[in-house]
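Asks:
In my numbering, the protein residues as written are 512 to 620.
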């Protein structure tokens, strides 16, 4: 079991619609993270990742991606899920900050 904060974040993320949450120590990959995102990210030695399970019926149909109906359905799902992830990320970052830590939400893409 993780820290009390991680447990609180997991519970809140599920309440908000996430299916999975994970946390990672980034200290061993600090140079890589800074190279990818800039030196500012050095201030954040840990990362929290959240995920939402995409609808199987939509993902299973992606082999037909050239079909306009399939493409538009996937695009709508993509935007909806990314918007949800951004919302959850912002609220979890606020919880982290309210717990006395620095937080920097990275938009879903």
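Just so it is clear, CB atoms sit at the ideal spot from N, CA and C, and this is done for glycine as well.
How many Å lie between residue 521 and residue 528 at the Cα?
Replies: Rounded to the nearest angstrom, the two C-alpha atoms are 11 Å apart.
Asks: Thinking C-alpha only, which one of 563, 606, 598, 573 is nearest residue 530?
Replies: Checked all of 563, 606, 598, 573; the closest Cα to residue 530 is 563.
Asks: Taking the Cβ atom as the reference point for each residue, do residue 558 and residue 587 lie within a distance shorter than 8 Å?
Replies: The answer is no: Cβ separation not under 8 Å.
Asks: Verify whether the separation of the beta carbon atoms of residue 573 and residue 589 is less than 8 Å.
Replies: No, the pair does not count as a contact, with Cβ atoms beyond the cut-off.
Asks: Tell me which residues share the same chain as residue 607 and place their Cβ nearer than 6 Å to its Cβ, disregarding the 5 neighbours each side in the sequence.
Replies: So the list reads 614, once near-sequence residues are dropped.
Asks: State the start and end residues of the unbroken beta strand (DSSP E) segment that holds residue 559.
Replies: Here the beta strand (DSSP E) through residue 559 covers 557 to 562.
Asks: With a threshold of 8 Å on Cβ separation, who are the neighbours of residue 556 within its own chain once the five nearest residues in sequence on each side are excluded?
Replies: The answer, listed in chain order, is 536, 537, 538, 541.
Asks: By the 10 Å Cβ neighbour count, where 16 or more other Cβ atoms means buried, how is residue 610 classified, buried or exposed?
Replies: Answer is exposed; the Cβ neighbour count stays below 16.
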